[in-house]
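Single-structure report; data block below.
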DNA sequence: ATAAACCTTCCACCTAACTGGAAGGCAAGA
DNA sequence: TCTTGCCTTCCAGTTAGGTGGAAGGTTTAT
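Chains as they are written, first to last, in our numbering: chain L, 32 to 162; chain P, 32 to 162.
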């Protein structure tokens with residue numbers, strides 16, 4: 032299968048596939064007599080894996096590492112499990128940070144409804160700011 | 032106060048302050064006879080506001096807009112309140128997305144503990160992937 | 001007086017993950 | 001045959017929010 036067909040199946044831009052190859056994420060496929068890339072079903076499945084991993088928040092660098100762990104063979108599952116666990120922790124930390132931000136914003140709204148011209152302790156200064 | 036002093040008070044790089052000025056976030060201060068920027072207390076307070084807004088997740092573009100709303104005077108509080116509400120909603124959506132990702136990752140771990148060589152439906156293909 | 005520390009502008013570079021376009025080669029259908 | 005559409009490489013640009021460094025002027029402390 033050529034790059035356009037693979038790209039269509041994955042719903043990505045052909046340029047993206049070339050980019051993945053360039054950064055070492057996707058193994059370079061064989062070329063036909065005209066120099067066109069010829070992808071296999073394994074390439075398709077690997078790309079689907081990449082897309083799924085991306086969708087749950089892994090960066091391409093991390094996916095690359097996971098793929099090379101898988102290929103390395105030395106108890107890759109333990110390592111991949113580690114990666115997943117630390118990604119979950121990362122997500123947890125981000126959720127906590129977001130909840131904190133939300134709380135701060137909600138408090139600003141609450142204070143604002145009491146004292147009309149209030150946004151946060153700095154807004155008064157801003158209102159009177161002159162260049 | 033000159034740029035170094037302001038930067039120190041805010042704990043940011045002087046370059047950051049010039050950058051903020053460049054993108055129209057911070058009003059250009061007066062210059063002294065040597066061409067050095069001379070900031071006022073109002074600049075300091077505006078910068079503190081910028082940093083707080085950044086900390087709760089506003090982008091510089093959004094902060095710029097909020098600042099210009101405040102300056103515009105036409106019922107700015109209503110508009111700012113809108114911005115805050117939509118930022119809260121944005122945060123809520125992100126939290127939901129993150130929870131979903133976490134759930135997917137946890138399910139992968141659960142399945143993995145049952146069937147040792149399992150990462151996700153694609154891993155088998157990857158394991159047998161050959162270039 | 002002179003060195004260190006500060007300031008200026010300008011240009012370029014960083015991350016992340018692409019995307020666009022130019023210039024050119026090949027392929028498939030009418 | 002001709003046109004459309006695919007493919008190649010290479011170069012450069014995008015977003016967001018800065019950061020680094022060069023070349024040169026100023027100020028402050030010793």
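Glycine is no exception: its CB is placed at the ideal position from the N, C-alpha and C atoms.
In the DSSP assignment, residue 80 of chain P falls within the alpha helix (DSSP H) that extends over 72-86. Taking C-alpha positions only, residue 61 of chain L is separated from residue 82 of chain L by approximately 22 Å. Between the segment 63-75 of chain P and the segment 90-98 of chain P there are fewer than three inter-stretch CB-CB distances shorter than 8 Å, so the stretches are not counted as touching.
Taking a cut-off of 8 Å on C-beta distances, the segment 117-131 of chain L touches the segment 124-140 of chain P, as three or more cross pairs fall below it. DSSP places residue 90 of chain P in the coil class of the three-state scheme, outside both helix and strand. Membership of residue 56 of chain L in any alpha helix (DSSP H) is not indicated, and neither H nor E is assigned to it by DSSP. In the DSSP assignment, residue 66 of chain P falls outside any alpha helix (DSSP H), carrying neither H nor E. Scanning chain P for C-beta atoms nearer than 9 Å to the C-beta of residue 109 of chain L yields nothing, as the closest lies near 10 Å away.
With a threshold of 7 Å between beta carbons, residue 90 of chain P makes no contact with chain L. When DSSP states are grouped into helix, strand and coil, residue 111 of chain L belongs to the helix group. A Cβ of chain L is located within less than 7 Å of the beta carbon of residue 133 of chain P. Secondary structure at residue 116 of chain L: helix, using DSSP grouped into helix, strand and coil. DSSP places residue 49 of chain L in the helix class (H, G or I) of the three-state scheme. In this structure, L:111 is the residue among L:134, L:141 and L:111 with its C-alpha nearest to the C-alpha of residue 137 of chain P. By the rule that beta-carbons nearer than 7 Å mark a contact, residue 136 of chain L touches chain P.
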